[in-house]
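Notes to accompany the following structure.
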Amino acid sequence: MSLLKSVDTNPSFSPRESKALPERLIAGDPAFKTWAQDVAKDGLVHTGVWEATPGETRSIKGETFEFCHILSGVVEIAPDAGEAVTYRAGESFVMKPGFTGVWKTIETVRKIYVTVG
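Quick look at the structure:
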């Protein structure tokens, strides 16, 4: 098992496809694709690529820490207790445990993610 793992930003294998949970859907009909690429630390750390079509959903991190690097598209993240921030290709951000807010995909977005928790 190698301790160095590359993240394939354009994976050739089929993604897991899903939709927003009804209780989290705010607007639109966003569709999600997840290309999970690595799991470590007894299932606590997950890495991969995720894509979403336009729409708005509630984001609730619970106990999860998530690092995101935007590969393409545009999103607006609005914390419940703060100002909305827009992220575009090449930009990165972290949502810490306890984060709640609105995730608005403006243009289909693809990101690298690393979650811990």
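Heads up: the sequence shown at position 12 corresponds to 12 in the UniProt record's numbering, and the numbers run straight through without jumps. Backbone N, C-alpha and C fix where the C-beta goes; we use that ideal spot for every residue, glycine too.
Notebook entry, point to check: Are Glu-51 and Arg-110 touching if we call contact CB-CB under 8 Å?
Noted result: Yes, the Cβ-Cβ distance between Glu-51 and Arg-110 is below 8 Å.
Item checked: Limits of the beta strand (DSSP E) - the one that Asp-80 falls within -> First-last for Asp-80: undefined, no H or E at that position.
Notebook entry, point to check: According to the Cβ coordinates, are Thr-57 and Ile-26 closer than 8 Å?
Noted result: The criterion of a C-beta distance shorter than 8 Å is satisfied by Thr-57 and Ile-26.
Notebook entry, point to check: When the Cα atoms are used, what is the spatial distance from Pro-97 to Trp-35?
Noted result: If you take the alpha carbons of Pro-97 and Trp-35, they lie about 23 Å apart.
Check: With burial defined as no fewer than 16 other Cβ atoms inside 10 Å of the residue's Cβ, what is the status of Glu-66: buried or exposed?
Finding: Buried, because 16 or more other Cβ atoms sit within 10 Å of the Cβ of Glu-66.
Checklist line | His-69 versus Gly-90: straight-line alpha-carbon distance, rounded | finding: If I take the Cα positions, the gap works out to 7 Å.
Note to self: So, with DSSP's three-state summary, where would you put Ser-92?
What the structure shows: Assigned with DSSP and collapsed to three states, Ser-92 falls in strand.
Notebook entry, point to check: From Val-102, Val-116, Lys-5 and Val-114, pick the residue whose C-alpha is nearest to that of Pro-54; which is it?
Noted result: Closest by alpha carbon: Val-102.
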